[in-house]
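There are 2 protein chains.
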Amino acid sequence: MEGSIAIDAETKVHESPADHKDELRLWLRLLASTTLIEREVRRRLREQFGVTLPRFDLMAQLDRSPQGMTLGELSRRMMVTNGNVTGLAERLVTEGVVSRRRAANDRRAHLVRLTDKGRRQFRKMAKAHERWIAGLFAGLSKREVDELLTLLGKAKASTRNAVEKAR
Amino acid sequence: MEGSIAIDAETKVHESPADHKDELRLWLRLLASTTLIEREVRRRLREQFGVTLPRFDLMAQLDRSPQGMTLGELSRRMMVTNGNVTGLAERLVTEGVVSRRRAANDRRAHLVRLTDKGRRQFRKMAKAHERWIAGLFAGLSKREVDELLTLLGKAKASTRNAVEKAR
DNA sequence: GTGAAAAGCTTTAAGCTTAAAATAATTTAG
DNA sequence: CTAAATTATTTTAAGCTTAAAGCTTTTCAC
Numbered sequence: 001m002e003g004s005i006a007i008d009a010e011t012k013v014h015e016s017p018a019d020h021k022d023e024l025r026l027w028l029r030l031l032a033s034t035t036l037i038e039r040e041v042r043r044r045l046r047e048q049f050g051v052t053l054p055r056f057d058l059m060a061q062l063d064r065s066p067q068g069m070t071l072g073e074l075s076r077r078m079m080v081t082n083g084n085v086t087g088l089a090e091r092l093v094t095e096g097v098v099s100r101r102r103a104a105n106d107r108r109a110h111l112v113r114l115t116d117k118g119r120r121q122f123r124k125m126a127k128a129h130e131r132w133i134a135g136l137f138a139g140l141s142k143r144e145v146d147e148l149l150t151l152l153g154k155a156k157a158s159t160r161n162a163v164e165k166a167r
Numbered sequence: 168m169e170g171s172i173a174i175d176a177e178t179k180v181h182e183s184p185a186d187h188k189d190e191l192r193l194w195l196r197l198l199a200s201t202t203l204i205e206r207e208v209r210r211r212l213r214e215q216f217g218v219t220l221p222r223f224d225l226m227a228q229l230d231r232s233p234q235g236m237t238l239g240e241l242s243r244r245m246m247v248t249n250g251n252v253t254g255l256a257e258r259l260v261t262e263g264v265v266s267r268r269r270a271a272n273d274r275r276a277h278l279v280r281l282t283d284k285g286r287r288q289f290r291k292m293a294k295a296h297e298r299w300i301a302g303l304f305a306g307l308s309k310r311e312v313d314e315l316l317t318l319l320g321k322a323k324a325s326t327r328n329a330v331e332k333a334r
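In order, the protein sequence lines correspond to chains A and B. What the first sequence shows, in the working numbering, is residues 1 to 167, in sequence order. What the second sequence shows, in the working numbering, is residues 168 to 334, in sequence order.
This is the structure in structure tokens:
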């Protein structure tokens, strides 16, 4: 059984440009799942807290670093460009939820961190956010959540590896 | 077996604000995986074809509908707002890869479709795109790809269900 | 048929995001 | 020590994206 399947797959590879439909479907489904959740989270953050997702994300990073973080580190963790973080942080400073000052040792770098107000606001939002996410995944068993975690971990590793090689 | 697990879960809910860390980790990992792939695809589309991801996405939808599609249908399939599609389509019409005309029966609606030039361009990009995706997932076995497809299908269903209820 | 509601689309204003180029400070090579 | 390379960040221009408000056309209830 398994043998014949493998042979079929091999045969296909040789008789025509390999078909990668399953991988393509996987990518489309991954993207759709993410978009669906992201859209809902965005909506609730706006309606219930009047905040945007990027701002919430930035605050979430800072919440884990009480001592603050440089803009560069923020942009790496958020997987967005430097310029993006510059503008986002600026708006959050204006709002008074983030503070910003020069780094002690390196005069190029700037440290940002949550203000007390920012931390209070974030903690409140984070609690709701965690409940929302649990609710959105409520149709999955604990086992399925674990499997997804594992498989997505592999997918991430595979992607990183391929991206690495492509350079 | 199932009973005891259910009781544990219940107990947790009562003794402390339920902890949903695994679901949260799952969401963060899902988002990270998607972002990683999306960033790479975006980069290659730009470098190798001088096209943006949203434009590629729009063309991909149209490629499946030779008879054309209304802007509303496009926006639903792409999971973006109407206004977004209006602008995107406009730029693609200017480029000459998409055509646009009033619908025959409904004078509110506009049908867009790929021009011959657009279709040729898209097909070329789509081939490369399919290879890229296969390459990014090359570290996964066929079995793992299938499992991910299944689990993500469940995740999508779970999300849709939760979003539905929340209204 | 007529008025109200819904559907399809566009416009607007604001904010997000990127790539690329520029500036300034630090590190490294020789 | 000095020139070159690297690092941290900002700026710019272009495009993407959204929510909300508005316009036009169609559908629905009566």
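Ideal Cβ positions, reconstructed from N, Cα and C, are used throughout, including at glycine. Note that the structure is predicted; figures quoted are calculated from it, not measured.
Within chain A, the residues whose beta carbon sits less than 7 Å from that of residue 328 of chain B are 139, listed in sequence order.
At a Cβ-Cβ threshold of 9 Å, residue 304 of chain B and residue 141 of chain A do not count as neighbours. Judged by their CB atoms, residue 301 of chain B and residue 47 of chain A are not nearer to each other than the 9 Å cut-off. Listed along chain B are 197, 201, 319, 320, 322, 323 and 326, each with a C-beta nearer than 9 Å to that of residue 33 of chain A. Around the Cβ of residue 207 of chain B, a 10 Å sphere holds 16 or more other Cβ atoms; the residue is buried.
Per DSSP, the unbroken alpha helix (DSSP H) holding residue 312 of chain B starts and ends at 309 to 332. Under the DSSP assignment, residue 269 of chain B falls in the beta strand (DSSP E) whose first and last residues are 265 to 269. Between residue 242 of chain B and residue 252 of chain B, the CB-CB gap stays under 9 Å.
Taking 9 Å as the upper bound on Cβ-Cβ separation, chain A lies near residues 294, 296, 297, 298, 299, 300, 301, 302 and 303 of the region 277 to 303 of chain B. Take the alpha-carbon of residue 315 of chain B and the one of residue 274 of chain B: they are about 43 Å apart.
Contact annotation: residue 219 of chain B and residue 212 of chain B have beta-carbon atoms nearer than 9 Å.
Here residue 230 of chain B really is in contact with residue 286 of chain B; their C-beta atoms are around 7 Å apart, less than 8 Å. DSSP places residue 79 of chain A in the coil class of the three-state scheme, outside both helix and strand.
For residue 41 of chain A, the enclosing alpha helix (DSSP H) has its first and last residue at 21 to 44. The beta-carbon separation of residue 197 of chain B and residue 33 of chain A, rounded to 7 Å, stays under the 8 Å limit for a contact. In the displayed model, residue 94 of chain A falls within a helix according to three-state DSSP.
Straight-line measurement puts the Cα of residue 111 of chain A at about 9 Å from the Cα of residue 104 of chain A. Spanning the alpha carbons of residue 255 of chain B and residue 245 of chain B requires a straight line of approximately 12 Å.
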